[in-house]
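So the structure is just underneath, and the comments pick up after that.
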Amino acid sequence: MGEAVIVAGIGCRRGASAADVAAVVNAALAHVALTPDSLDAIATSEAKGREPAIAAAAASFGLPLVLVPQVDLAAADARTVTKSERVLALTGVASVAEAAALAAGGPRARLLAPRIVVGPATCALAHSGDAP
């Protein structure tokens, strides 16, 4: 992988709004004292890629949306720290937000911020290299 990147992984309930997604991204960034211009991408599961709010939020931040295949989410799930039995039953991974951020960040990615919840959306931040 080239330069280190910071990825916001997103999970949300069906019908969440772009404002809901943007709010959770901003909250996660504030939690680790970063600004939106620190982000390189927004990631979610391929299944959640059908949620228009996530694509709209990525566009509002001017970031690419990375849709992570289920097999890559499952591989990254071992590196997640937040476990939700409900999410595991629905998606096959314990945290969509954390798994998406880690998978999109690559095999050396680590969490900067575990999953946080704001309303119907979740966000986790991962960094692909050394600490920013």
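Residue 1 is where the sequence shown starts when you use the working numbering, and the numbers rise one by one after that.
In this text, a Cβ means the ideal position worked out from N, Cα and C, and glycines have one as well.
For residue i, I'd like the list of residues in its chain whose CB is within less than 6 angstroms of its CB, leaving aside the five on either flank, ordered along the chain.
i      : result
Pro120 : Cys12, Arg13, Ala16 and Asp20
Pro107 : none
Leu67  : Glu46 and Gly49
Ala131 : Because Ala131 carries a pLDDT of 44, less than 50, the predicted location of this residue cannot be relied on, and the following value inherits that uncertainty. Hits under 6 angstroms: none found.
Ala18  : Ala53, Ala56 and Ala57
Thr80  : Ala94, Ser95, Glu98 and Ala99
Need the endpoints of the alpha helix (DSSP H) that residue i sits in, please.
i      : result
Gly49  : Note, Gly49: premise wrong, no alpha helix (DSSP H); not H, not E.
Leu102 : Val96 to Gly105
Using the Cα positions of residue i and residue j, report the straight-line distance between them to the nearest angstrom.
i     : j     : result
Ala53 : Ala23 : 12 angstroms
Ala59 : Pro36 : 12 angstroms
Apart from the five residues just before and just after residue i, which ones in its own chain have a Cβ nearer than 8 angstroms to its Cβ?
i     : result
Ala47 : Gln70 and Thr91
Do residue j and residue i have their beta-carbon atoms positioned less than 7 angstroms apart in this structure?
i      : j     : result
Ala43  : Gly9  : yes
Ala124 : Val32 : no
Ala122 : Ala89 : First, the residue type needs correcting, since residue 122 is Thr and not Ala in the sequence shown. Result no, Cβ atoms of Thr122 and Ala89 do not sit closer than 7 angstroms.
Which residue comes first and which comes last in the beta strand (DSSP E) that contains residue i?
i      : result
Leu65  : Leu65 to Val68
Leu125 : Ala121 to His127
Ala8   : Ile6 to Cys12
Leu111 : Arg110 to Val118
Ala43  : Ala41 to Ser45
Can you list, in chain order, the residues of its chain with a C-beta nearer than 7 angstroms to that of residue i? Leave out the 5 residues immediately preceding and following it.
i      : result
Ala129 : At residue 129 the sequence reads Gly, which differs from the Ala that was named. Hits under 7 angstroms: Ala4 and Arg108.
When the Cβ atoms of the region 70 to 85 are set against those of the region 96 to 103, are three or more pairs found closer than 8 angstroms?
-> The answer is yes - the region 96 to 103 touches the region 70 to 85, with three or more Cβ pairs under 8 angstroms.
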